[in-house]
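Colleague: Questions regarding the structure given below will be posed in turn.
Numbering (the numbering used here), first residue to last: 2 to 89.
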């Protein structure tokens, strides 16, 4: 599997290693570029792989939509079921 990586010199195609531990490989079928991605390009540092908002499929063909957030699980927003508003 490959990924596209932005560098100071342009675009680079990388081979993606197999996931370890509890990781799983997702074949990306659609990806958005949002303001966060544009800020990462403008402010650096490069290289960076853009498109943290994406959907795709697992190796067995199961469709998935990926939630790129990593809530802390302990702040008031998280403990009240509003992980999308996490304060971390």
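Glycine included, each C-beta is placed from N, C-alpha and C at the ideal position. Owing to the predicted nature of the structure, the values given are computational and were not obtained by experimental measurement.
(1) Of all the options 37, 85 and 3, which has the alpha carbon lying nearest to the alpha carbon of residue 19?
(2) Run the CB neighbour count on residue 17, radius 10 Å, all protein chains shown included, and call it buried at 16 or more, exposed below.
(3) Is it the case that the Cβ atoms of residue 32 and residue 56 are separated by a distance below 9 Å?
(4) Please give the ranges of any beta strand (DSSP E) in the region 8–47, keeping only runs that are unbroken, at least 3 residues long and fully inside the region.
(5) In terms of residues, what are the limits of the alpha helix (DSSP H) holding residue 80?
Modeller: Looking at the atomic coordinates:
(1) Position 18 of the chain shown holds residue 19. Of the listed residues, the one whose Cα sits closest to residue 19 is 3.
(2) Here residue 17 corresponds to residue number 16 of the chain shown, with the count starting at 1. If you draw a 10 Å sphere on the C-beta of residue 17, you find fewer than 16 other C-beta atoms in it, and that means exposed.
(3) Translated into the one-based positions of the chain shown, residue 32 becomes position 31. Translated into the one-based positions of the chain shown, residue 56 becomes position 55. Yes.
(4) Listed in chain order, the complete beta strand (DSSP E) runs (minimum 3 residues) inside the region 8–47 are 11–16 and 28–33.
(5) Within the chain shown, residue 80 is the residue found at index 79, counting from 1. Where residue 80 is concerned, the enclosing alpha helix (DSSP H) starts and stops at 77–80.
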